[in-house]
Structure formats: C-alpha cells, structure tokens
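Asker: Counting in this note's numbering, the sequence shown runs from 104 upward without gaps. Right, I'll just put the structure down here and ask away after.
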Amino acid sequence: MEKASPKTFTVFINILFSKSLQEILTDNLQYSASSKVEHRLPAGEDFMSEEIRLVIWDLDETFWHGTLTEGGISYSDEYHNIVVELAQRGIMSSICSKNDLESVRYLLQEKGIWDYFVFPSIDWSPKGARVAEIIRRIQLRPETVMFIDDNTHNLQEVLSVNPEIHIADEKIIPHLLTDTRFRGKDDSSLSRLKHYKVLESRDEEKENFSSIEDFLKDSNIRVEFIYDVENHLDRAIELINRTNQLNFTKQRLPEDRQEARDILLSQIKQTFRYSGLVRVSDKFGDYGIVGFYSLVYVNRISYFEHFCFSCRILGMGIEQWVYQSLDRPDLHVQGTVISDINSPAHIDWINQEEGSSDAMVAASRKSIYVRGGCHAAGLAHYLKQGNRRVVEEQNFCRDGVSIRIDHSQLFHDSIFGLTDERLAWISKLGYRKEDFATQFDDMTYDVYVLNFSVDALYATYSYQDGATRYPFPECHAIMTENFSQGEHHDQNKFLDDAFRNVASGDFHYHAPDPDYFENCLRSILPRIPEESFLFILLGAERFLNHENEVENVSTHIPFNRKIMELTANRKNTFLLHIDDYVKERSDQTDREHFGRMVYYRLYRTITEVISADAPAEKTETPALHEA
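In structure tokens:
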C-alpha cells in the first residue's frame with residue numbers, strides 16, 4: 104500500500120476535525136457523532152455498501168419516550184410505523200432492553216406490534232452478550248445489524264462484544280427510512296418476517312432437546328428440488344448475489360437485474376448443465392426457496408458453478424444433504440463459509456419431497472441401473488437425487504478423449520466378457536480391460552435405463568478378418584472412411600498411436616450398421632429380467648431449427664426401428680422417444696444434445712411408470728409420450 108503524502112495526511116486531519124463536515128455527515132449518513140457509530144471502515148470499502156438486515160431496538164427513551172418501570176411512557180406511533188415499514192422492506196426488528204418481559208409483551212401486543220419483533224431479549228443482564236446471542240440465533244453477520252440505544256455505555260458495551268456491528272443512538276430513528284442502508288426490497292407480504300418467526304419457534308423448541316440430532320429428527324425436515332428455475336429466476340439471482348455465509352462458489356452476477364437474468368438464463372440452458380432450487384420446510388413452517396445450485400456434468404466429471412444457501416437454514420444440515428444428494432460434485436470453495444460441506448455426519452433426519460408427486464417418492468425406493476451417453480447422464484442426474492440405489496455407468500475421458508462405453512458392442516462385452524485375443528487387438532484402438540468393468544450383474548435391478556444413440560453415429564472397426572466391431576474412441580474426424588493423418592495434427596500421443604494402428608491395414612472400416620446393432624441387442628435383452636422395468640431412449644428423428652421449423656433427421660430412424668421390433672412383445676418395456684419431450688427451441692442445443700428440462704420430463708415419465716407397487720403389463724409407447 105502506498106504511503107499517504109504529508110499534504111494528503113494534513114487534509115485528512117483537517118476533514119476529520121471539521122465541525123461543519125461532521126454535521127454534514129450526521130445529516131447525510133443519519134448517525135449521531137456522539138455515539139461514534141461507523142467506528143471502523145474495512146480497507147478499501149465504503150461502509151454504505153453493507154445494507155442493514157436487522158435493527159435491534161432498545162425500548163426506554165429509544166423506541167418510546169420515558170421508562171416503563173417508572174410509571175409512564177409516551178408511545179410513538181411514528182416509530183411503530185417505522186418498524187412496520189422496515190418489515191415491508193424485508194428488514195427485521197428485534198429488541199434488547201433492560202425491562203420486565205411480561206410488561207413489555209403486554210404493551211406491545213396491545214399496540215399490535217409484538218409479532219413484528221423477532222428473537223426479543225428482555226431482562227436485566229448486560230446487553231453485549233445478549234445482542235451477540237440475538238445475532239447468532241437469527242443467523243446474520245454483525246456487519247448487517249444495527250443496534251440503537253440512547254445510552255452511550257450500552258452502545259460501547261455492545262460494540263466491544265460485537266466489533267463489526269453498526270451502532271447509533273436514538274437520533275437516527277427519524278432518518279431510518281431515508282438512509283440508503285435501509286432500502287431493503289419490497290416484501291409487502293411480510294414473507295421474510297414469517298420465515299424468521301418460523302425460525303424463532305424452531306429455536307425455542309430446540310432448547311427442550313438434549314442433543315441437536317434429536318431435535319433435528321423430531322423436526323420433520325423436508326427438502327424439495329425445484330427444477331423450473333426459469334420461473335424463479337429472480338430468487339436464484341438473489342441467492343447468488345446476496346448470500347455469503349453459505350455461498351460456496353461466490354460467482355456473482357451483475358447488479359443490473361436484466362443483465363443478471365440474461366446471463367443466468369444462458370447458463371442454465373447450456374448442454375450438460377443441471378440446475379435446481381432448494382425449498383425447505385419442517386413442522387414449524389415453510390422456509391421457502393433457500394438454495395440454488397448449477398453444475399456441469401459430462402463424461403463422469405461434474406463441478407459446481409453455483410452452490411449457495413440462505414443462512415436461515417444454518418445448522419439443519421441442508422447444504423451437506425444436498426451436496427451428498429448431488430453425488431458430491433467437485434467444489435472449490437471460495438472465500439469464507441461457516442459450514443463444512445465434507446462433514447462425515449450421517450444425515451438421516453431430512454426427507455425429500457417431490458412437490459405433489461407421490462410417484463417420485465415411490466420411485467426413489469427402486470434400485471436403478473443406468474447406462475448410456477448424454478441422454479442417460481441427463482436422466483441419472485434426477486434419478487440419483489434422494490435415491491442411493493442408482494448405479495450409473497457413463498462414458499468417461501482418458502488422455503483427452505472420450506471412451507464410449509454406451510456403444511452396444513462395449514455393453515455386450517461388459518456382460519459376456521472378453522477373450523485375451525480380443526483384448527489384445529482392441530487395445531490397439533486404445534481400450535483397456537478396465538473399460539469393460541460393469542455392475543450390471545451385481546444384482547437384479549428393479550429398473551434398467553439404456554441408451555444406444557451412439558450406434559447410429561459412430562463408425563466401427565474390425566480387426567483383420569474378424570467380424571466383431573468396435574467404435575474408435577471419440578474423435579470426430581476419424582468417423583469417416585476417408586481420413587488422413589493431417590486431420591489429427593492437434594491430437595495427443597494416444598490418438599497418434601491409435602491412428603497408426605488403424606491405418607496399418609489390419610483394421611477394416613464399417614459405417615453405422617442397424618443389422619449389426621440388432622445382433623448385439625438380441626444378446627443383451629435376454630440378460631435383463633422381464634419382471635424388471637426396462638426403459639430404452641430412442642434417438643432424435645427431428646430437430647427444431649432457429650426458425651422453430653421441424654427438420655427431419657434420418658440418422659436414428661433405422662436403429663429406432665430395430666429397437667421397436669425387438670421389444671414389441673417384451674413385458675414391462677417402455678420406449679421413450681426423446682423428440683416427444685422437446686417443447687421449444689431452447690430445449691434442443693443441436694441434433695444430439697438437449698436441455699435439462701427435456702431430461703426432467705423424461706424422468707417424470709419414468710417415475711410415474713415405476714411408482715406402481717408391481718410392474719405393469721406392457722404399455723403402448725404413445726401413452727408415455729403424452730407425459
């Protein structure tokens with residue numbers, strides 16, 4: 104940091120002790136100089152940037168004129184109305200007063216204002232520790248709290264215990280509603296006050312339990328994931344920009360609301376992006392939408408862009424439970440948070456709700472095996488939430504390329520095994536024995552979800568005169584018969600070695616072949632018990648272009664027909680045509696990739712089907728499409 108010049112320092116001293124300037128500050132910043140409020144300014148910060156979220160009031164000679172226990176007060180309707188207006192701005196009020204609790208409660212109830220105060224502290228003990236306890240119970244940072252008292256000793260005592268708090272004497276009260284720190288936001292429905300009254304009731308009952316775990320288990324805590332983020336965009340933005348203590352990523356959006364909406368909307372509509380809001384309730388009431396996450400998930404790699412929660416659910420284990428429900432994506436915590444997201448605690452006191460859908464709750468009790476590419480991965484994101492019995496086998500990256508285990512031939516060999524001879528030649532394409540490991544045979548699953556779209560997209564290669572064919576690890580330039588070394592100048596050594604093996608003449612190229620796919624599928628299907636549910640996702644046959652016109656895509660048609668033919672007489676088998684779940688242009692990124700709501704709609708269909716107590720007879724595919 105640069106040293107201030109002597110001239111600058113002299114100017115600063117003159118300003119500091121300028122009575123006229125101090126008067127200006129008193130008028131403009133609405134605080135009393137005698138109270139020495141705004142006692143410290145963080146380096147490089149303007150204290151005006153921290154908005155007040157809680158006002159803690161003294162009563163005698165502050166909220167009203169006179170002393171209650173000495174026989175008479177003059178009640179201030181003006182100050183009464185200020186408390187009401189603050190609540191309508193989402194700014195809470197509390198009380199820290201040396202007084203008789205029952206007398207105060209009777210008076211304020213008679214005036215109709217008692218319920219506007221949260222976590223009131225009314226007794227005869229020192230105020231410093233009591234203010235700290237109010238802040239702890241309401242779960243805010245002292246930097247967002249203002250304590251008002253007419254007694255300078257009380258102000259300094261509170262400040263000594265809570266050095267980050269704002270303090271002021273009673274002279275600030277007439278200016279509260281014009282002070283920019285008390286702008287708040289419109290909350291004429293008093294939703295924030297209601298949330299804090301719920302928190303207050305919850306906190307009071309907690310004192311009756313010998314352990315926090317017993318209290319939490321008795322609280323009947325329920326979590327609901329809301330995936331329709333678009334209709335709650337402003338709340339998501341508020342959580343991203345306003346939460347601190349439980350904001351793990353702190354990837355802020357612009358303060359301009361429309362700009363923030365545009366950016367967040369573009370983020371959540373991207374392919375491989377999954378987002379949701381978190382709503383919490385318990386036996387005490389509804390806390391509302393208190394969390395938001397947005398994560399990227401592709402090729403078995405997942406990480407958060409946003410992961411943030413309101414402090415009103417602090418201590419309930421919500422953030423840890425959500426993190427575990429999302430299968431612990433990569434999380435690089437930014438700044439300071441007051442929760443250990445990797446806590447090993449076994450959180451068994453939270454139940455997941457799915458809105459009004461009992462089907463989703465019932466479906467969460469099923470064991471589910473999911474294997475496939477992008478479509479299966481999109482579905483697995485929703486199936487895994489609240490269900491610890493989901494086995495997911497997806498493509499993955501190695502040496503910078505994708506190993507496509509979703510191809511029917513790789514699935515076939517994962518089930519039936521590989522000979523040493525076959526393993527030797529497919530290793531020339533870059534495969535390893537561990538690429539064929541599977542949990543398919545570990546148990547009989549209640550539900551199987553499969554996707555073979557890649558068979559229609561990728562060329563395959565056979566070795567010498569062998570008839571068995573494998574796709575080349577994902578490298579789009581080599582998906583055609585006429586490729587050259589020049590097309591791979593930017594690939595790494597892995598691809599260079601694989602290329603040389605393919606180009607040696609020992610391998611034979613094969614275009615995507617519906618008949619070959621049929622042979623693989625004929626072997627796979629009998630290994631799936633017919634008493635279990637089987638869902639197969641069919642590839643897209645149409646595409647919504649930028650003019651919202653439907654373009655036909657022929658690539659998947661012959662492969663989809665093979666699946667339909669082979670499953671026509673199979674019980675408990677359901678074919679889900681992804682085209683039927685595309686509702687608007689933004690649902691479809693390109694001909695092969697779709698937005699998260701497409702997969703959520705598919706998930707809803709699957710859960711409705713499997714929620715029955717026992718598998719049903721085969722349902723015609725069109726009936727599913729109506730979902």
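Note that CB positions come from ideal geometry on N, CA and C, so glycine has one too. These numbers were taken from a predicted model, which means no experiment stands behind them.
#1: Tell me the start and end of each unbroken beta strand (DSSP E) in the region 396-443 that is at least 3 residues and wholly inside, in chain order.
#2: Report the rounded CA-to-CA distance for residue 447 versus residue 297, giving the unit in angstroms.
#3: Express the C-alpha separation of residue 419 and residue 673 in angstroms, rounding to a whole number.
#4: Per DSSP, residue 456 forms a beta bridge with which residues?
#5: Taking residue 611 and residue 558 to be in contact with their CB atoms under 8 Å, please state how far apart those CB atoms are, rounded to whole angstroms.
#6: Is it right to say residue 519 is buried, meaning 16 or more other beta carbons lie within 10 angstroms of its own, or is it exposed?
#7: Would the region 270-282 and the region 221-233 be scored as touching if the rule is three or more Cβ pairs under 8 Å?
#8: Taking DSSP as the reference, what is the three-state secondary structure of residue 714?
#9: How many angstroms separate the CA atom of residue 243 from the CA atom of residue 162?
#10: Only counting the same chain, and skipping five residues up and downstream in sequence, which positions put a Cβ closer than 6 Å to that of residue 646?
#11: Note down, in chain order, each residue of its chain lying with its Cβ closer than 7 Å to the Cβ of residue 336, except the 5 sequence neighbours on either side.
#12: Say whether chain D places a C-beta atom closer than 8 Å to the C-beta of residue 550.
#13: What residue range does the beta strand (DSSP E) around residue 271 cover?
#14: Give me the Cα-Cα distance between residue 712 and residue 705, rounded to the nearest whole angstrom.
#15: Would you kindly report the start and end of the unbroken beta strand (DSSP E) that includes residue 255?
#16: Using only the alpha-carbon positions, how far apart do residue 186 and residue 356 sit?
#17: Quick check on the DSSP output: the alpha helix (DSSP H) that includes residue 517 runs from which residue to which?
#18: Do the region 434-449 and the region 467-476 make contact, defined as three or more Cβ pairs closer than 8 Å?
#19: From residue 455 to residue 354, what distance separates their C-alpha atoms?
#20: So residue 620 is in the alpha helix (DSSP H); what residue range does that whole segment cover?
#21: Using the DSSP secondary-structure output, state which residues sit across from residue 382 in a beta bridge.
#22: Within a Cβ cutoff of 8 Å, which residues of the same chain sit near residue 211, ignoring the five residues on either side of it in sequence?
#23: Can you give me the Cβ contacts of residue 492 inside the same chain, cut-off strictly under 6 Å, excluding the 5 residues immediately before and after it?
#24: Can you tell which of 480, 571, 650, 166 has the C-alpha that lies nearest to the C-alpha of residue 254?
#25: Can you look up residue 481 in the DSSP assignment and give me helix, strand or coil?
#26: Rounded to whole angstroms, what is the Cα-Cα separation between residue 327 and residue 389?
#27: Could you give the first and the last residue of the continuous alpha helix (DSSP H) run that contains residue 528?
#28: Is it buried or exposed, residue 266, if we count other Cβ atoms within 10 angstroms and call 16 or more buried?
#29: According to DSSP, residue 641 sits in a beta bridge with which residue or residues?
#30: Any idea if residue 593 is buried or exposed, counting beta-carbon neighbours within 10 angstroms, 16 or more meaning buried?
#31: Between the region 562-576 and the region 523-533, do three or more beta carbon pairs fall short of 8 Å?
#32: Quick one: Cα of residue 378 to Cα of residue 431, how far?
#33: Decide if residue 574 is buried, meaning its Cβ has at least 16 other Cβ atoms within 10 Å, or exposed.
#34: Quick check on the burial criterion: 16 or more other C-beta atoms within 10 angstroms. Buried or exposed for residue 546?
#35: One question on the structure: do residue 240 and residue 306 come within less than 8 Å of each other, judged by their Cβ atoms?
Answerer: Answer, in terms of the structure:
#1: 404-412
#2: Here residue 447 refers to the residue found at position 344 of the sequence shown. Here residue 297 refers to the residue found at position 194 of the sequence shown. Cα to Cα, residue 447 sits roughly 33 Å from residue 297.
#3: By one-based count along the sequence shown, residue 673 stands at place 570. By one-based count along the sequence shown, residue 419 stands at place 316. Using only the alpha carbons, I get a separation of about 47 Å.
#4: Taking the first residue of the sequence shown as 1, we reach residue 456 at position 353. Looking at the DSSP assignment, residue 456 forms a beta bridge with 327.
#5: Looking up residue 611 in the sequence shown gives position 508. Looking up residue 558 in the sequence shown gives position 455. Residue 611 to residue 558, Cβ: 18 Å. No contact.
#6: Here residue 519 refers to the residue found at position 416 of the sequence shown. Residue 519 is exposed by the Cβ-count criterion.
#7: no
#8: Counting from one through the sequence shown, the residue named residue 714 turns up at place 611. Residue 714 falls in the coil class under three-state DSSP.
#9: Your numbering for residue 243 matches position 140 in the sequence shown. Your numbering for residue 162 matches position 59 in the sequence shown. When rounded, the distance between both Cα atoms is 22 Å.
#10: Position 543 of the sequence shown, counting from 1, holds the residue named residue 646. Closer than 6 Å at Cβ, skipping near neighbours: 654, 656, 694.
#11: Locating residue 336 in the sequence shown gives position 233, where the first residue counts as 1. Closer than 7 Å at the Cβ level, and outside the excluded window around residue 336, lie 364, 367, 368.
#12: As a matter of chain content, chain D is missing from the structure shown, which is built from one protein chain.
#13: Counting from one through the sequence shown, the residue named residue 271 turns up at place 168. Start and end: 269-271.
#14: As a position in the sequence shown, residue 712 is number 609, starting the count at 1. As a position in the sequence shown, residue 705 is number 602, starting the count at 1. Cα to Cα, residue 712 sits roughly 11 Å from residue 705.
#15: One-based indexing of the sequence shown puts residue 255 at position 152. Residue 255 -> not in any beta strand (DSSP E); alpha helix (DSSP H) instead, spanning 255-264.
#16: Numbered from its first residue, the sequence shown carries residue 186 at position 83. Numbered from its first residue, the sequence shown carries residue 356 at position 253. Answer to the nearest angstrom: the Cα atoms are 31 Å apart.
#17: Stepping through the sequence shown from its first residue, residue 517 is reached at position 414. Unbroken alpha helix (DSSP H) run through residue 517: 511-519.
#18: no
#19: By 1-based counting over the sequence shown, the position of residue 455 is 352. By 1-based counting over the sequence shown, the position of residue 354 is 251. So the alpha carbons of these two residues sit roughly 27 Å apart.
#20: One-based indexing of the sequence shown puts residue 620 at position 517. Element bounds for residue 620: 617-627.
#21: By 1-based counting over the sequence shown, the position of residue 382 is 279. Answer is 327, 392, bridged to residue 382.
#22: As a working note, residue 211 is residue 108 in the sequence shown. Around residue 211: 217, 220.
#23: To locate residue 492, count along the sequence shown from 1; it is residue 389. Taken in chain order, the residues that qualify are 470.
#24: For the purposes of this step, residue 254 is taken as the residue at position 151 of the sequence shown. Here the closest residue by C-alpha is 166.
#25: Within the sequence shown, the letter at position 378 stands for residue 481. The answer is helix: DSSP assigns residue 481 an H, G or I state.
#26: By one-based count along the sequence shown, residue 327 stands at place 224. By one-based count along the sequence shown, residue 389 stands at place 286. Distance between the alpha carbons of residue 327 and residue 389 is about 11 Å.
#27: Translated into positions along the sequence shown, residue 528 becomes position 425. Note, residue 528: alpha helix (DSSP H), 523-529.
#28: Taking the first residue of the sequence shown as 1, we reach residue 266 at position 163. Exposed, because fewer than 16 other Cβ atoms sit within 10 Å of the Cβ of residue 266.
#29: Taking the sequence shown and counting its residues from 1, one reaches residue 641 at position 538. Answer is 680, bridged to residue 641.
#30: Along the sequence shown, one-based indexing puts residue 593 at 490. Unreliable placement is indicated for residue 593, whose pLDDT of 42 sits below 50; the coordinate value is still reported in the next sentence. Exposed.
#31: yes
#32: By one-based count along the sequence shown, residue 378 stands at place 275. By one-based count along the sequence shown, residue 431 stands at place 328. Between residue 378 and residue 431, the C-alpha separation is close to 15 Å.
#33: Sequence index remark: in the sequence shown, residue 574 carries index 471 (1-based). The residue is buried, with at least 16 neighbouring Cβ atoms inside 10 Å.
#34: Reading the sequence shown from its first residue, position 443 is the one you call residue 546. Under this definition residue 546 is an exposed residue.
#35: Numbered from its first residue, the sequence shown carries residue 240 at position 137. Numbered from its first residue, the sequence shown carries residue 306 at position 203. In this structure, residue 306 lies closer than 8 Å to residue 240 by Cβ.
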